[in-house]
Amino acid sequence: MPRPARTLRSRPAPAGRPAGPRGPGRIAATVRARLAAGGRERGANPVELAVMMPVILVLLFGSIQVGVWFVARSTALNAAQTGVNAQRTFDAGPDAGRDRATSFLRRSGDWLVGWDRTGPTCVETATDVTCTVRGRSLSVIPGVDFEVVQTAHGPAERWTTG
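Sequential numbering from 1 applies to the sequence shown in full-length UniProt numbering.
Have a look at this one:
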C-alpha cells in the first residue's frame, strides 16, 4: 500500500524552528505584533466600560427593585387572602380577619414596609368579606418608594334556607 503524500503538518520541523504554527516563540511574536499595531486603540476598553457601567448598574438595581416590588405585592395579597379566610367563617369575631392578616405580615419579613401605620382593613357585609392591605415595597434604590395595595374578596359563610 502506498504512503500518503506529505503535507506541511506531516513534515518534520527544521532544527531551529518550533514544531507547529503554535509554538512558544510564535505566540510571543504574535502578541508583540498585535500590541505594536494597536497604538490608536489602546485604552479604548476602559473608556467604553466607564461609559457603560452606570447603565449596567441602573439596569441591575432596577431589576432587583422590580423583583422586590413583586415579592411585596405577593406578601400583601397573601395577607389579604389570609384575612378573608379567617373573617368569612360563620362564627368569626369582628376582628378575626384583621388579626390574622396582621399576624401573617409580622411573620413574613420586611418585604412590605409601612403596613402597620394603617393596618389591614377587613369589611364584612351580609354576603361578602373584603380585606385590603396597604404598604410600600422595600427600597433597594434610596429615595424610591413603590406603593403596594392588594385586596382579597370572598363570600361569607351563612345559613340559608333551602
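Beta carbons are placed, not taken as given, at the ideal position from N, Cα and C, and that holds for glycine. A quick note: this is a predicted structure, and the numbers were derived from the prediction, not measured.
Helix, strand or coil, according to DSSP, for residue i in the structure here?
| i | result |
| --- | --- |
| A156 | coil |
| T161 | coil |
| T75 | helix |
| V144 | coil |
| T82 | helix |
| T89 | coil |
Is it buried or exposed, residue i, if we count other Cβ atoms within 10 angstroms and call 16 or more buried?
| i | result |
| --- | --- |
| A76 | buried |
| P120 | buried |
| L105 | buried |
| L112 | buried |
| S63 | exposed |
| T82 | buried |
| V66 | exposed |
| A152 | buried |
With a threshold of 7 Å on Cβ separation, who are the neighbours of residue i within its own chain once the five nearest residues in sequence on each side are excluded?
| i | result |
| --- | --- |
| D116 | none |
| E124 | Q87, A156 |
| D110 | L138 |
| T118 | R134 |
Is the distance from the Cβ of residue i to the Cβ of residue j below 9 Å?
| i | j | result |
| --- | --- | --- |
| A79 | F146 | no |
| G154 | R88 | yes |
| G135 | G114 | yes |
| S137 | V148 | yes |
| V133 | Q150 | yes |
| N85 | R107 | no |
| R158 | F61 | no |
Give every residue of the same chain whose Cβ lies closer than 6 Å to the Cβ of residue i, excluding the five residues on either side of it in the sequence, and list them in chain order.
| i | result |
| --- | --- |
| C122 | G83, Q87, G97, R98, C131 |
**Message:** Please give the ranges of any alpha helix (DSSP H) in the region 108-142, keeping only runs that are unbroken, at least 4 residues long and fully inside the region.
**Reply:** Counting only unbroken stretches of 4 or more residues, the alpha helix (DSSP H) elements lying wholly within the region 108-142 are 115-118, in sequence order.
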